[in-house]
Each structure stands twice: as structure tokens, then as C-alpha cells.
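All residue numbers for the sequence shown refer to our numbering, where the first residue is -5 and numbers rise by one.
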Amino acid sequence: MSENATLEINGQKYEFPLIEGTENEVAINIKTLRSVTGGVTTLDPGYKNTGSCESAITFLNGEEGILRYRGYAIEELAEKADFLEVAYLLIFGELPSKEELSKFHNDIKEQSLVDEDVKKILDGFPKSAHPMGVLSSLTSALIAFNPSSVNVDSEEEMYNAIIRVLGKFPVLTAWAYRKRAGLPLDYGDDSLGYVDNILKMMFKKPSGEYNSNEVLIDALDTLLVLHADHEQNCSTSTVRIVGSSHAGLFASLSAGISALWGPLHGGANQAVIEMLEAIKEDGGDTKKYMAKA
């Protein structure tokens, strides 16, 4: 394969380097296009043919049903790894040892407290407010409680930002849900695993004990693994774009949540849940609905 691609404009030829990815896909690096051509640009509505960066995190081929994180097939990870292991893999490039995973989880638990004043902000929302809108707003509000910026060149600051997000987001998610359900807000239980703790914070009734359900834990854990990363999708790109202005961690994440809220992006997941609820109300005959597909 040639190392360059040749572009001819009005009889003038220009060469641009080819880049080969980990899955043998080929891209043309045109970052010098405007400068070498005197202002020529490309038009690619929706960025269907444009990569915004080089990345070794995820490979996704929807047409062939392929999803890999750091080279690992999603089927293998969904079967053998839990969400925190996969999160560690995506962030650091390698699966954690038992000691690394234990430290990672403990560090996350230490960051799980959310300032009580955030509850006052939540009180201002009506019960009918969409949980995604509430979550986006609460995330944005965290800027006031975490005003310091993150130096992306500092491994320590980046690590602290990561565990802060992984610690606080389950709490915010549970609060957004419980607000809509009319349930009192609560914190989690440090004795539980990451996913089990999310389920307890969301669904524990005011009276009575919480009993872990291994089927639900496994289902949610698998769901989180499957959705942990999907390349440069709409919400990821939104976070990157907002973050590129140095707007800050929680401002960037809030924007990404708003993008995920859209019916053409994360809204598709909501449609699936609504479909499953409809199947349940219709008697739970999944084969009947599969036959309609």
C-alpha cells in the first residue's frame, strides 16, 4: 500500500499521508490541507467520513457486530469482567490486578459523597422532570462544589478526576430517579459492590431491608460494560468539544449528558426499555414479538 494519497485540485497535486489503524482500516491525514492548498477545506456533513483524533481505545463496526475495548472482544469482557474492571481497562489500557482493582474501587467509594446543598437544587425540579435533564443540571451544578480545574498533563489530577466522577455519578443518577419516583434520597453502602450499590441507592424502599438480586446485578453490570465506550459518538464528541475550550470537567460532562438525552442517541435505549415494558404488560411472550421483527 502506498504511504500517501494524492489529491489533484485544478491541475495541482498534493500528497497526504495514509494512516493504518489497528484493524487495518485506512485514513487520510489531511490536517495540513488548508495550509498547503491556500484555503481548501472539506465538506463532510455529520462527520460520516471524518475522524477527529487517533485513538487506541475502542473499535466498533456496527455492520458486522464487532465491538472491542483495547483489543478485547466485548463478548469476552461481558462474560468475564465486571464494569469497574472494564472502566480500568478503558482508562489505563490494561486490565487491573486484584490489588489495583481493590484500590480503584476503594478510591471511588471515598469520592461518593455529594454535597448536601445539591439536594436543595434537586428540590427545585418537579417530579415530572426527565431524569436525564435533572442529571445534566446536577452535573453542571457540581462545578460550584468542585471549582478547581484539572491539569490533563498531571496523572495524579487526572486520576482524582476519574474517581470523583465514578464516585459521584451513581449518587446523582439514583437521586434523579428517586426524585421522579417520589422516594427519599439516600447514599449508598460501602460494603456493596459498585453495581449492587447503584441498585440499592435507586430502588431501596424507605421501609424494609435491601436484598441484593444477583440476576439484576449481573444484568446491569453487563449493560454498563456494553455501553462503557462507543468510539467518537455524539456524546463523547460533545464532551471533547466542550472540554477543548477548557470549560471544566463537570461542564463538559453535563453537555455530554444532554447530547445523550437526544432521541437519536441515548434516547434509543429508552425506547428499548419502553418496548420491554410493553412486552411485559402484554403477557411477556417474547417469541411473539421476535416473530414480528
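Backbone N, C-alpha and C fix where the C-beta goes; we use that ideal spot for every residue, glycine too. Quantities reported herein were computed from a predicted structural model and do not represent experimental measurements.
(request) Check the C-beta distance from E151 over to V144 and give it rounded, since I have them as a contact under 8 angstroms. (result) At roughly 5 angstroms, the Cβ-Cβ gap stays under 8 angstroms, so E151 and V144 are in contact.
(request) Leaving aside the five residues before and after Y204 along the sequence, list all residues of the same chain whose C-beta is less than 6 angstroms from its C-beta, in chain order. (result) These residues qualify, in order along the chain: K194 and K198.
(request) Evaluate N191 with the Cβ neighbour count: other Cβ atoms within 10 Å of its Cβ, from every protein chain shown; 16 or more gives buried, anything less gives exposed. (result) N191 comes out buried.
(message) Taking the straight line between their C-alpha atoms, what separation do you get for V236 and I156?
(response) Approximately 17 angstroms between the Cα atoms of the pair.
(request) Using the Cα positions of G250 and S91, report the straight-line distance between them to the nearest angstrom. (result) Cα-Cα distance, rounded: 31 angstroms.
(request) Please determine, among V146, S185 and L210, the residue with the shortest C-alpha to C-alpha distance to S239. (result) With distances taken between Cα atoms, S239 lies closest to V146.
(request) Inspect the CB distances between the segment 52 to 67 and the segment 23 to 31 and report whether three or more fall short of 8 angstroms. (result) These segments do not touch.
(request) Round the Cβ separation of A222 and L84 to the nearest angstrom and send it over; I've been treating them as touching at under 8 angstroms. (result) Correct: roughly 6 angstroms between the Cβ atoms.
(message) So T133 and L247 are supposed to be a Cβ contact under 8 angstroms. How far apart are they, rounded?
(response) Sure, about 5 angstroms apart at Cβ, within 8 angstroms.
(request) Run the CB neighbour count on H99, radius 10 Å, all protein chains shown included, and call it buried at 16 or more, exposed below. (result) Buried, by the Cβ-count rule.
(request) Under 6 angstroms Cβ to Cβ from E225, same chain only, skipping five residues before and after it: list those, please. (result) Only T52 and L54 meet the Cβ criterion.
(request) Go ahead and pull the three-state DSSP assignment for I51. (result) Coil.
(request) Report the residue from L89, C47 and E69 whose alpha carbon sits nearest the alpha carbon of R234. (result) For the residues L89, C47 and E69, the minimum Cα distance to R234 belongs to C47.
(request) Within 10 angstroms of the Cβ of P120, are there 16 or more other Cβ atoms? Answer buried if so, exposed if not. (result) Counting every other CB atom within 10 Å of its CB across the protein chains shown gives P120 a total below 16, marking it as exposed.
(request) Let me know the secondary structure DSSP gives F77 once reduced to three states. (result) F77 sits in a helix when the DSSP states are folded into three classes.
(request) Report the residue from L220, V165, G242 and V34 whose alpha carbon sits nearest the alpha carbon of E70. (result) When each option's Cα is compared against that of E70, the closest is L220.
(message) Less than 7 angstroms between the C-beta atoms of Y188 and L78, yes or no?
(response) Yes.
(message) Suppose the cutoff is 6 angstroms on Cβ atoms and the five residues either side in sequence are ignored; what does the same chain contact list for K103 look like?
(response) If we look at K103 and ignore the five residues flanking it on each side, its Cβ neighbours are D184.
(message) Taking 6 angstroms as the cut-off, is the C-beta of Y82 nearer than that to any heavy atom in the ligand NAD?
(response) Within the structure as shown, the ligand NAD is missing, as the structure has no ligands at all.
(request) Since I believe L12 is in contact with E(-3) (beta carbons under 8 angstroms), could you give me their beta-carbon distance rounded to a whole number of angstroms? (result) With a Cβ gap of about 6 angstroms, E(-3) and L12 count as contacting.
(request) Kindly indicate the opening and closing residues of the beta strand (DSSP E) around N(-2). (result) Judged by DSSP secondary structure, N(-2) falls within the beta strand (DSSP E) whose first and last residues are N(-2) to I3.
(request) Give the DSSP bridge partners of L61, in chain order. (result) Under the DSSP definition of a beta bridge, L61 partners with L54.
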